[in-house]
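First up is the structure itself, then whatever we jot down about it.
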Amino acid sequence: MPAEATEKSTYKIPIGPIHPALKEPVMFEFEVDGERIVDADVYLGHVHRTIEWTGMRRNPVQVLYLAERICGICSYCHPMSFALAVERIAGIEVPERAEYLRVVQAELERICSHTLWAGVAAHEIGFDSVLFLTWQVREKALDLTEYLTGNRVTKAITQIGGVRRDITKDMVPKIEETMGFLKDNFGKLKKIFLDDKTFKMRSQNVGVLTKEDALKLCAVGPTGRASGVKKDVRIDQPYFAFSELDFDYVTPDVLTGEVNGDVYDRIIVRLLEVKQSIDLIEQCVDILSGMPEGDIVAEPKIAKLLNQLKKAEGDGIGRMEAPRGEVIHYVKMDGHEHPYSWKVRAPTYNNILPWIPMLKGEQIADIPIVAASTDPCMSCTNRVGIVQDGNRKMYSGEDLHELSVQKTRRLMQ
Amino acid sequence: MSREQKLSPEEIVDSFTKEFSGKITDTKVERHKIGPSKLEMIHIWMTVDRSVYKDAVKHLMTIDEETHFAVGSGYDIEDRIEIINHFSIYFGKKGEEISINFKIPLPKSDPVMDSICDLIPGALISEQEKQEMLGIKVKNIPKDMRVFISDDFPEDMYPWRKDEMNADKMGRNLHEHDKIPAAKVPEKKEDEE
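Here it is in structure tokens:
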């Protein structure tokens, strides 16, 4: 047999653009040697919806509702970051009460997002009973969101200069009840995710991102913090009323005393952040209950607000710590009705490149859990084509999921 | 300079203007009062000549070796394209982070700037995006291909441009769907069938 025929032992598998472990269509191309991933490459942009182009043709208040539709899970962070940027350009001061109300909504969104992610992570390794348990807990947080904002997903609570709905004294018992429920269940979830043998087997030393790589590739949010990068906009450059509240960076060493940067560490960070968010909401509700009622928005008349914004000129950036990491919006206003320029940067944008070092050296069956561990945006099922010796073999999303489930079972034997 | 000896915003601006005399202009230190206790949030803006842009990033990395590149934004105005690259330094301690924004004007006749991917590999997607959205050229970019726009999108149209090179005619509404001319498909020759 000629030597060349035996030398090439790797082949390429594309995953995506649509895949169960990916919230937004993203395409990966893996070079694999047997079961092991040798190299990975990422291709983006399959759902670019020209949101920014559209936003440059809308007035700032209309942009809020457009920004809300960038992402169903971060439907608060995006309009709020845009509002922060515009407030800085126009010099709008937000009333104190609104600053605390903004924190409550931001943290409630974090609880919903992290518990959603935890369920997905359980599903990816084939532990579906935990998926249902986690989402049952999340349901309560969603009910509270609905109670406070009127909506479960696109909350429409943001306004430039404040928020649109207050939390009155009669709403406090419901918040306390939900927080109590979440705290009661937190211990149970923590035990399952951090002590269960199956979770440990599938997540420890899998998908490792070193601190150096996290810094070089600009990882943000829990993905960066799980690798030991202390970066959290809420603390680094506090916005809203975060400067008044008592909390600290969540890195895995808080719990285990060491940082490995693996999937397990990313689970730790997200779980502890749920606890932290519950605590922050309680701190805010305490302060809000003791505060006299007051304005929740700087300018309640929209026409007047728009008139003021029409005259605003300058550049501004709005940054927020979304559940998945830093969201940054750049806005340029030039004294016209519409923003002159608007750039949105969601955290997944920065957490895409870290996937490459995380996936190198792992097995095909680890792709779903490693890809899901950065909490990318989620999408529906599709097929994976494996090209081997010029022959194309199709793996459906279910097949790949099945591979992952089989790996868990194999490890348990 | 290490993270223990942090420079004040004014010292940072000074070190840049001294290091790159005449090439750094329009420096501005914004102090936004945030939250009930009116804590200061610091944003530094400076216009950087493209000839020293990469060196400016290197200089920023000597001020803080853990410099974080957030993203680049940009727009075209009159005869130039302005790219704004947002960085943050000194994160990791409460309230100490500083946002640094470099504005890099490029003439439309020759919109070329240097890639910083060899210094900060995480800048790749942002640089690719600026190329396809604004029609600039990033020199020495490691992966010179489109990232968000599909490969069949016309080559001389840039969605964020406001001049004649914009992509407005590619915009479509569902109710106008029938009015959009069909994509050009090369005609099949009869003998190929």
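First to last, the protein sequences are chains G and X. Just so you know, my numbering puts 751 at position 320 of the first sequence, and the rest follows in order with no gaps. Just so you know, my numbering puts 76 at position 12 of the second sequence, and the rest follows in order with no gaps. C-beta atoms are modelled at their ideal positions from N, C-alpha and C, and glycine is treated no differently. All values derive from a computational prediction rather than experimental measurement.
- If you ignore the 5 residues before and after G/PRO448, its C-beta comes within less than 7 Å of the C-beta of PRO456, VAL457, MET458 and HIS477, all in its own chain and listed in chain order.
- Taking C-beta separations shorter than 6 Å and ignoring five residues to either side along the sequence, the partners of G/ARG776 in its chain run ILE759, following chain order.
- Where G/ARG633 is concerned, the enclosing alpha helix (DSSP H) starts and stops at 628 to 634.
- Inter-residue distance for G/PHE673 and G/PRO653 is about 18 Å (C-alpha atoms, whole angstroms).
- The C-beta of G/TRP484 comes closer than 9 Å to at least one C-beta of chain X.
- Residue contact check for G/HIS479 against chain X: a CB pair falls below 9 Å.
- For X/GLN69, the number of other beta carbons within 10 angstroms of its own is below 16, and it is reported as exposed.
- Between the segment 494 to 505 of chain G and the segment 535 to 548 of chain G there are three or more inter-stretch CB-CB distances shorter than 8 Å, so the stretches are counted as touching.
- Judged by beta-carbon spacing, X/ILE108 lies beyond the 9 Å limit of X/SER190, meaning their Cβ atoms are not closer than that value.
- Judged by beta-carbon spacing, G/LYS619 lies beyond the 9 Å limit of G/ILE709, meaning their Cβ atoms are not closer than that value.
- In the three-state DSSP reduction, G/ASN616 falls in the helix class (H, G or I).
- Taking 9 Å as the CB threshold, X/ILE141 lines the interface with chain G.
- Using a CB distance cut-off of 9 Å, X/TYR117 does not count as an interface residue toward chain G.
- Residues of chain G with a Cβ closer than 9 Å to the Cβ of X/GLY159 are, in chain order, ILE666, ASP667, GLN668, PRO669 and SER674.
- Closer than 9 Å to the CB of G/SER772 there is at least one CB belonging to chain X.
- Separation of the CB atoms of G/GLU499 and G/ALA553 is rounded to 28 Å, and the pair is thereby denied contact status at 8 Å.
- G/ASN781 belongs to the set of residues whose beta carbon lies under 9 Å from a beta carbon in chain X.
- Shown here for G/SER512: same chain residues with a beta carbon closer than 6 Å to its own, the five before and five after excluded, namely GLY749, MET751, VAL758 and HIS760 in chain order.
- Nearest CB-CB separation between X/PHE212 and chain G: below the 9 Å threshold.
- Those residues of the segment 739 to 765 of chain G placed with their C-beta closer than 8 Å to a C-beta in chain X are ASP746, ILE748, ARG750, GLU757, ILE759, TYR761 and LYS763, ordered along the chain.
- Secondary structure note for G/LEU564: its alpha helix (DSSP H) is the uninterrupted segment 559 to 580.
- For X/MET221, there is no enclosing beta strand (DSSP E), since its DSSP letter is neither H nor E.
- G/GLY766 places its beta carbon less than 9 Å from that of G/ALA743.
- In the DSSP assignment, the residues bridged to G/SER772 are G/LYS763.
- DSSP places X/MET197 inside the alpha helix (DSSP H), whose first and last residues are 188 to 198.
- Where G/ASN738 is concerned, the enclosing alpha helix (DSSP H) starts and stops at 733 to 741.
- The beta carbon of G/ASP746 is closer than 6 Å to those of LYS763 in its chain, skipping five residues each way along the sequence.
- Scanning chain X for C-beta atoms nearer than 9 Å to the C-beta of G/LYS661 yields PHE155, GLY156 and LYS157, reported in chain order.
- Closest in alpha carbon position to G/ILE718, among G/PRO731, G/VAL561, G/LEU676 and G/ASP464, is G/LEU676.
- At least one CB atom of chain G sits nearer than 9 Å to the CB of X/ILE184.
- The alpha-carbon of G/PRO754 is positioned some 26 Å away from that of G/MET632.
- Within the same chain, and ignoring the five residues on either side of G/ASP696 in sequence, the residues whose Cβ sits closer than 7 Å to its Cβ are ALA657, PRO683 and VAL690.
- Listed along the chain, the chain G residues whose CB falls inside 8 Å of the CB of X/MET105 are GLN668, PRO669 and TYR670.
- Judged by beta-carbon spacing, X/ILE127 lies beyond the 9 Å limit of X/ASN149, meaning their Cβ atoms are not closer than that value.
- Residue range 176 to 178 is occupied by the beta strand (DSSP E) that includes X/ASP178.
- Under the criterion of beta carbons closer than 8 Å, G/LEU625 and G/PHE678 do not qualify as touching, at roughly 20 Å.
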